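For the sequence shown, the positions run 1399 to 1634 when our numbering is used.
Glycine included, each C-beta is placed from N, C-alpha and C at the ideal position.
These figures come from a predicted structure and were not determined experimentally.
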Amino acid sequence: MEEKEVLLDVRNLSKTYRVGSVDIHALRGVTLQIQKGESVCIIGRSGSGKSTLLNLLAGLERVSGGEIVIAGKRLDRMSEGELIRFRQRHVGFVFQSFNLMPYYTALENVAFPLAFRGMARRERNRDAKHILQEVGLETHLRHKPAQMSGGQQQRVGIARALVTNPELVFADEPTGNLDFATGDEVMRTICDICKAAGRTLIMVTHDAHIASFADRVITLLDGRVVEDSSNPLEEK
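Pasting the structure below:
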């Protein structure tokens, strides 16, 4: 069987926070590889280090030690400006709280990231309309967040994360504000679209059911990887 390309390579990653006179070790020597096109769920209880790991992989926080290599580039050596440009070109984000702009329509919310690429409005709206159709919101293009359900708002968030055609999509508790059935629908949407396009998806959750949608589950405990396995469940 042909090996897939490694998109993300993490080597001996550590993160320490100084709280008063005490050092809090959020991550302790995490090493892992994630392949291109793979869907991975990082799971762990509160305080396990999963959100810290996501922030480091996304370049939102600085590492205390170790290396992060994404698409052959060392994130831990980049300046703030380089990190911003890297995220704009290669990364999409799906947030638990949706983070939509309340006075913008679904179309405007999704088109917004494309403005940073210098795209003309017509092209931005064309691409935004296309991805909103992919997530099943073709009839909600002109709706504002307050006019949509939680599940619909999260679909807008997914569309916004994917509209720039990122190589890597991060999802932080993507169903945390949704009911069970709606959460399942949202997970199927994001996993199916990422898989069809060959995008790499990295999710963080404390919910074992949500983890069942991923190809692979990485379990953290006290800042260390304690389990890393292919997902045996067939709920996808």
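Q) Is it right to say R1483 is buried, meaning 16 or more other beta carbons lie within 10 angstroms of its own, or is it exposed? A) exposed
Q: Determine which residues share a DSSP beta bridge with H1423 and list them.
A: T1414
(Q) On the DSSP letters alone, give me the boundaries of the alpha helix (DSSP H) that V1584 sits inside. (A) Here the alpha helix (DSSP H) through V1584 covers F1578 to A1595.
Q. Start and end of the beta strand (DSSP E) containing F1484?
A. Where F1484 is concerned, there is no enclosing beta strand (DSSP E), although the alpha helix (DSSP H) it sits in stretches over E1478 to H1488.
Q.
What does the Cβ neighbour count give for H1518, buried or exposed, with the cut at 16 atoms within 10 Å?
A. The question names His, but residue 1518 is Ala in the sequence shown. Burial call: exposed.
Q.
Taking the beta strand (DSSP E) that S1370 belongs to, which residues open and close that run?
A. Any property of residue 1370 remains undetermined from this structure, which presents the chain solely from 1399 to 1634.
Q: Can you have a look at S1627 and say buried or exposed, based on whether 16 or more other CB atoms are within 10 angstroms of its CB?
A: exposed
Q.
C1439 and T1603 - do their beta-carbons sit closer together than 8 Å?
A. yes
Q. Leaving out five residues before and five after Q1550 in sequence, what residues of the same chain have Cβ atoms less than 7 Å from its Cβ?
A. L1535 and H1538
Q: Just the C-alpha distance for D1577 and F1510, rounded to the nearest angstrom, thanks.
A: 28 Å
Q) Out of L1406, C1592 and R1553, which has the shortest C-alpha to C-alpha gap to V1584? A) R1553
Q) If you run the structure through DSSP and keep just helix, strand and coil, what is G1531? A) Sequence inspection shows Gln at residue 1531; the Gly mentioned does not correspond to that position. Looking at Q1531 - three-state DSSP - the assignment turns out to be helix.
Q | Run of the alpha helix (DSSP H) containing G1549, from where it starts to where it stops | A | G1548 to L1560
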